Structures are given as structure tokens and as C-alpha cells.
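J.: This structure is in C-alpha cells; I'll ask about it shortly.
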Amino acid sequence: GAGSAADAAFVAECCAHLGISLTLGLVSEDERAGWHGSLEAAARTARYRFLRMVAADVAADCIAVGHTLDDQAETVLLHLLRGSGLDGLAGMRPRAHDLIRPILGLRRAATEAYCAERGITPRDDPSNADPRFTRNRVRHELLPLLATFGSDIHATLARNAEILARDADYLNAAAEAAWASVLRHTTAPTVTLDRTALRGLPPAMRSRVLRRAILAVGSPKPDASLNADSLARLDRVVLDGSGERRVVQLNTGAVAVCHRDEVTITPGGQ
Numbered sequence: 252g253a254g255s256a257a258d259a260a261f262v263a264e265c266c267a268h269l270g271i272s273l274t275l276g277l278v279s280e281d282e283r284a285g286w287h288g289s290l291e292a293a294a295r296t297a298r299y300r301f302l303r304m305v306a307a308d309v310a311a312d313c314i315a316v317g318h319t320l321d322d323q324a325e326t327v328l329l330h331l332l333r334g335s336g337l338d339g340l341a342g343m344r345p346r347a348h349d350l351i352r353p354i355l356g357l358r359r360a361a362t363e364a365y366c367a368e369r370g371i372t373p374r375d376d377p378s379n380a381d382p383r384f385t386r387n388r389v390r391h392e393l394l395p396l397l398a399t400f401g402s403d404i405h406a407t408l409a410r411n412a413e414i415l416a417r418d419a420d421y422l423n424a425a426a427e428a429a430w431a432s433v434l435r436h437t438t439a440p441t442v443t444l445d446r447t448a449l450r451g452l453p454p455a456m457r458s459r460v461l462r463r464a465i466l467a468v469g470s471p472k473p474d475a476s477l478n479a480d481s482l483a484r485l486d487r488v489v490l491d492g493s494g495e496r497r498v499v500q501l502n503t504g505a506v507a508v509c510h511r512d513e514v515t516i517t518p519g520g521q
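Here our numbering is used: the first residue of the sequence shown is 252, the next is one more, and so on.
So this is what it looks like as C-alpha cells:
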């Protein structure tokens with residue numbers, strides 16, 4: 252729309268002023284028609300797909316994004332509301348694979364002040380005020396309410412995320428070692444695990460190994476993130492000692508089949 256065109260023109264002007272090359276991307280109507288799940292998630296997936304394509308074209312080592320400490324606080328609360336567990340509560344990382352977040356420790360107000368001092372007027376996306384999007388309600392309703400309790404809620408949430416990230420990293424590293432002990436075989440895109448070995452793992456480790464297996468097979472719903480309810484249902488079936496064939500449909504679209512001493516996970520269909 253007109254707003255997006257104006258945003259693109261603003262970025263083009265900034266890049267020209269700074270002598271930076273620019274690559275613009277546009278999502279076609281056909282591509283949007285194929286989106287599933289929430290508009291927010293689908294748009295984010297498309298955006299990062301485009302960024303990675305451009306990064307590959309220019310042989311970039313990483314992709315820098317502008318998330319601030321305020322974004323971190325919002326993300327942590329969103330994950331808490333969705334029941335995403337320890338990894339979700341760890342929030343965004345300063346570096347995650349090919350992504351870097353160089354201003355993750357700065358408040359949004361600090362970035363706005365920096366721009367004001369230099370006569371820069373940032374573009375404001377009108378959708379950021381739309382209450383239909385959960386993140387906006389967290390930003391404009393929930394966080395201001397939490398701030399009335401007297402603490403710097405943004406800094407507190409970000410600090411907790413940093414602490415929990417260390418715990419999550421340790422558990423995920425341990426899960427990699429456990430993975431080798433439960434993996435029977437992989438025949439792309441199917442993964443088969445030893446059910447008895449899975450049952451012998453501590454619950455926290457078992458859930459991470461199951462999550463790793465689900466992520467390994469991929470998903471027919473690229474905009475869907477594995478939720479805690481799906482993982483808990485699969486865990487209960489894994490622990491079921493009846494030996495009967497049980498099928499678990501996961502929210503990502505993947506399918507897990509538990510039969511006798513095996514757990515087989517496939518991408519499933521739409």
C-alpha cells in the first residue's frame with residue numbers, strides 16, 4: 252500500500268545519503284494467499300526468508316536486525332502467555348545463528364533520542380498501534396500496567412531472559428549428547444527414536460530431545476512454532492506403557508507414531 256511505498260522511499264533516501272546499496276523486496280498477492288497461521292508470523296517468516304536470500308547474494312556473514320530491550324521485554328511476555336517454556340522465556344539472543352542484534356540492550360527511547368539529536372525522523376508503522384495484534388496489546392496495555400508495580404519492568408524481563416538463556420543453553424547442549432543415545436535411525440525426512448531410552452531420560456531432557464526430533468523433520472506449516480501443549484501430549488504418549496500404536500498430530504503439522512519400542516516422527520501433510 253501507500254504506507255509501504257513511503258517506507259521504501261524513506262529507506263532508499265537514507266541508503267543513498269549514507270552510500271549504502273539497497274535491495275527491496277515485495278510480497279506478491281499469490282505468496283500472501285499461501286500464508287497460513289497468524290498474519291504476524293507469516294509476515295515475519297517472509298521477511299527473514301528475504302533477508303537470508305539477500306545475505307546469500309552478497310555473501311554476508313550475518314544479518315543485523317534492530318530489536319531493542321523493549322522488544323525483548325515484549326517477546327518474553329508473549330512467550331509467557333503462550334506457555335513456550337524455558338527456551339521461550341530466554342527471549343531473543345544477541346546472536347542466533349546468522350542473526351545479530353547489536354542494540355538489544357538499548358531502550359527504544361534511547362534510539363528515538365539518538366535519531367532526534369541528529370534530525371532523523373523514523374518511520375512509524377501504523378500497524379504497531381493495531382490492537383488486533385497481540386504484541387501491540389502487550390506493548391500498550393500489559394507492560395504499562397506492570398510498570399505500575401514500581402520496577403523497571405522492561406529491564407527486569409530482559410535480565411531474567413539473560414539468566415534463563417544460560418540455563419537453556421546448558422540444557423540444550425546436554426540434550427545434544429542425549430540425542431545420540433536415543434536416535435535409532437534417520438531416513439530423510441523421517442526420524443526414529445528408541446522409546447525405552449527416551450523414557451529413561453529426565454523429563455526436561457526428554458522434552459528437548461523430542462523437540463529436536465520434531466524440528467529435524469521440518470514442518471508443512473512453516474509459520475507454526477511447536478507449542479507446549481503438543482509437546483506435552485507427545486510426551487504422555489511416549490510414556491504410555493501399553494505398547495499400542497498411538498498417533499499424535501502436532502500443531503506444526505508433523506506426525507508422531509508411537510508403537511512398541513519406537514517413536515517415529517514425520518513431517519506429515521497440510
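Glycine included, each C-beta is placed from N, C-alpha and C at the ideal position.
Since we're looking at a predicted model, the values are computed, not measured.
#1: For T517 versus T441, is the C-beta distance shorter than 9 Å?
#2: Is it buried or exposed, T515, if we count other Cβ atoms within 10 angstroms and call 16 or more buried?
#3: What residue does the beta strand (DSSP E) around A507 start on, and which one ends it?
#4: Consult DSSP for L444 and reduce its assignment to one of helix, strand or coil.
#5: So what does DSSP say about I354, is it helix, strand or coil?
#6: Give me the Cα-Cα distance between D376 and A425, rounded to the nearest whole angstrom.
#7: DSSP state of H436, grouped into three classes?
#8: Please return the same chain residues whose Cβ sits closer than 6 Å to the Cβ of P345, not counting the five positions on each side in sequence.
#9: For the structure I just gave you, are there three or more beta carbon pairs, one from the stretch 428-438 and one from the stretch 453-471, closer than 8 Å?
#10: Got a sec, what are the start and stop residues for the alpha helix (DSSP H) T326 sits in?
#11: When the Cα atoms are used, what is the spatial distance from L340 to A419?
#12: In terms of residue numbering, what span does the beta strand (DSSP E) encompassing T517 cover?
#13: Which partner residues does A527 have in the DSSP bridge list?
T.: Looking at the atomic coordinates:
#1: Your numbering for residue 517 matches position 266 in the sequence shown. Your numbering for residue 441 matches position 190 in the sequence shown. Their beta carbons are under 9 Å apart, which means T517 touches T441 by this criterion.
#2: Mapped onto the sequence shown, residue 515 falls at position 264. Buried.
#3: By one-based count along the sequence shown, residue 507 stands at place 256. Where A507 is concerned, the enclosing beta strand (DSSP E) starts and stops at 506-510.
#4: For this step, residue 444 is matched to residue 193 along the sequence shown. It is a strand residue.
#5: Position 103 of the sequence shown, counted from the first residue, corresponds to residue 354. Here I354 sits in coil by DSSP.
#6: Here residue 376 refers to the residue found at position 125 when the sequence shown is read from its first residue. Here residue 425 refers to the residue found at position 174 when the sequence shown is read from its first residue. If I take the Cα positions, the gap works out to 42 Å.
#7: Counting from 1 along the sequence shown, the entry for residue 436 is found at position 185. Note: H436 maps to strand in three-state DSSP.
#8: Numbered from its first residue, the sequence shown carries residue 345 at position 94. Once the five neighbours on either side are set aside, the close Cβ partners of P345 are R352, L355.
#9: yes
#10: Within the sequence shown, the letter at position 75 stands for residue 326. That run of the alpha helix (DSSP H) goes 320-333.
#11: Residue 340 sits at position 89 when you count from the first residue of the sequence shown. Residue 419 sits at position 168 when you count from the first residue of the sequence shown. Distance between the alpha carbons of L340 and A419 is about 9 Å.
#12: What you label residue 517 is simply residue 266 of the sequence shown in a count that begins at 1. Counting along the chain, the beta strand (DSSP E) containing T517 begins and ends at 513-517.
#13: The question about residue 527 has no answer, for the chain in this structure spans 252 to 521.
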